[in-house]
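Numbering (the UniProt record's numbering), first residue to last: 1 to 234.
All C-beta atoms, glycine included, are put in the ideal place defined by N, C-alpha and C.
Notes to accompany the following structure.
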Amino acid sequence: MLEFDNVEVFYGKVQALRGISLRVDEGEIVALLGNNGAGKSTTLSTASAIVRATSGTVTFDGADISKAHPWNVVGAGLIHVPEGRRIFSTLSVLENLQLGGYLVKERGVVAKRIEQVFELLPLLAERRAQHGGTLSGGEQQMLAIGRALVAGPKMLMLDEPSMGLAPLIVAQVMQVISDIRDQGTTVLLVEQNARAALKVTDRAYVIEEGATTLEGRASDLIADSRIIDAYLGA
C-alpha cells in the first residue's frame with residue numbers, strides 16, 4: 001500500500017534519510033522504531049509530501065507520490081497525525097473534527113464520520129463543545145486521531161502518539177490504534193515506546209541514522225536481544 005524505494009532526503013547539506021526502503025501492506029499496523037533524530041519523523045513527512053525526497057520513490061496505493069503536493073496526498077487517503085497533536089486549542093472538539101473534513105465536499109459524509117468518531121471515542125462526544133486547549137494530553141491525542149479519521153484515511157500515519165502520556169493512557173491510545181485497524185484502516189506508527197508499539201503492530205522497522213537497520217515481525221523483534229538491549233531494557 002505504501003512503499004519507500006531507496007529514498008534519500010537532505011535538509012540543506014545534512015542527509016536525513018540514507019536510502020530507506022520499506023513497505024506497509026494493506027490491513028497492517030507497522031511501527032518505525034528508533035532513537036531521537038534517527039529519521040522516523042522525516043520518513044512520515046516525506047510520505048505526506050511535507051518534505052521532498054531528493055532521490056528514490058515513494059508509492060501509495062499504486063501511484064508515485066514522490067512529487068505530489070500534500071493536499072493531493074491527503075486526497076488520496078494518506079493522512080498524517082504529526083507529533084505534538086497540533087489541535088486548534090481555541091476551537092471546540094466538534095470544530096476540530098469538522099476541520100478534519102476540509103477536503104470532503106459532501107457535508108453529510110463529514111457529519112457521518114464525526115458520529116463514527118464519537119462512537120469510537122465516546123469521551124470526545126462528551127466533550128464536543130469544550131475547547132481543545134482545555135483537554136488533557138490524552139484527550140488531545142484522541143482528538144488529533146479523531147480529526148484525522150474524519151478525512152477518511154485509507155492509511156493513517158501517527159507520529160509519537162504516546163509522547164508525554166501516562167502508562168494507562170498510552171495503553172488506551174494503543175487500543176484505539178488497534179481498533180482503527182480492525183475497522184479497516186492501515187496504520188504506520190512512529191513510536192519511541194517500543195514495548196507499547198510492538199504489542200499492537202504486525203511488523204516493525206528499526207531506523208538508525210537515516211537508514212533501516214532491522215526489520216521483522218513484531219513477535220520476533222520483541223524477543224530479539226538487539227531490540228531488548230536498545231529499546232526495551234532487561
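Whose C-beta lies closer than 6 Å to the C-beta of residue i among residues of the same chain, with five residues either side of it excluded?
i	result
Val-73	Ser-48, Ala-49 and Ile-65
Asn-193	Ser-162
Ile-169	Gly-138
Ser-39	What sits at residue 39 in the sequence shown is Gly, not Ser. Excluding positions up to five away in sequence, the list reads Ala-16, Leu-17, Ile-207 and Gly-210.
Gly-77	Pro-153 and Lys-154
Thr-46	Val-9 and Ala-53
Locate the alpha helix (DSSP H) running through residue i, then write down its first and last residues.
i	result
Gly-137	137-150
Arg-128	Counting along the chain, Arg-128 falls outside any alpha helix (DSSP H), and DSSP gives it neither H nor E.
Val-104	Unbroken run through Val-104: none, as it is neither H nor E.
Leu-32	Where Leu-32 is concerned, there is no enclosing alpha helix (DSSP H), although the beta strand (DSSP E) it sits in stretches over 29-33.
Lys-154	Counting along the chain, Lys-154 falls outside any alpha helix (DSSP H), and DSSP gives it neither H nor E.
Lys-199	194-200
Distance check for residue j and residue i, CA to CA, integer angstroms please.
i	j	result
Leu-91	Leu-143	12 Å
Ser-225	Ile-29	22 Å
Pro-153	Arg-23	17 Å
Arg-217	Ala-204	6 Å
Pro-122	Lys-112	15 Å
Val-109	Lys-13	45 Å
Gln-183	Gly-37	32 Å
Gln-140	Glu-215	31 Å
Ile-79	Ala-223	31 Å
Glu-106	Arg-147	16 Å
Thr-186	Met-174	14 Å
Arg-127	Arg-86	18 Å
Val-104	Ile-228	44 Å
Lys-199	Trp-71	32 Å
Ala-166	Ser-219	24 Å
Gly-19	Met-1	19 Å
Asp-61	Glu-3	9 Å
Who are the Cβ neighbours of residue i in its own chain at under 8 Å, not counting the five residues just before and after it?
i	result
Phe-88	Glu-95, Asn-96, Leu-99 and Gly-132
Gly-164	Gly-137
Which class does residue i belong to by DSSP, given the choice of helix, strand or coil?
i	result
residue 242	Because the chain in this structure spans residues 1 to 234, residue 242 falls outside the shown range and cannot be described.
Arg-217	strand
Ile-222	coil
Gly-39	coil
Leu-78	strand
Phe-88	coil
Glu-3	strand
Ser-45	helix
With respect to the beta strand (DSSP E) encompassing residue i, which residues constitute its N-terminal and C-terminal limits?
i	result
Met-163	It is not in any beta strand (DSSP E) - Met-163 carries neither H nor E in the DSSP assignment.
Leu-189	186-190
Ala-204	203-208
Gly-56	55-60
Kindly give me the distance between the Cβ atoms of residue i and residue j, rounded to whole angstroms, as I take these residues to be in contact under 8 Å.
i	j	result
Asp-159	Glu-83	4 Å
Val-81	Ile-145	6 Å
Thr-201	Ala-31	4 Å
Val-58	Val-7	6 Å
Leu-33	Ala-197	7 Å
Ala-129	Phe-118	So it is not a contact: roughly 13 Å between Cβ atoms.
Val-190	Ser-41	6 Å
Leu-135	Met-157	Leu-135 to Met-157, Cβ: 22 Å. No contact.
Asp-221	Arg-195	In the sequence as presented, Asp is not what sits at residue 221; that position holds Leu. So it is not a contact: roughly 11 Å between Cβ atoms.
Asp-25	Gly-56	Not confirmed; about 19 Å, so no contact.
Apart from the five residues just before and just after residue i, which ones in its own chain have a Cβ nearer than 7 Å to its Cβ?
i	result
Ala-68	Ala-49
Val-150	Leu-97, Gly-100, Gly-101, Val-110, Arg-113, Ile-114 and Val-117
Gly-75	Leu-103
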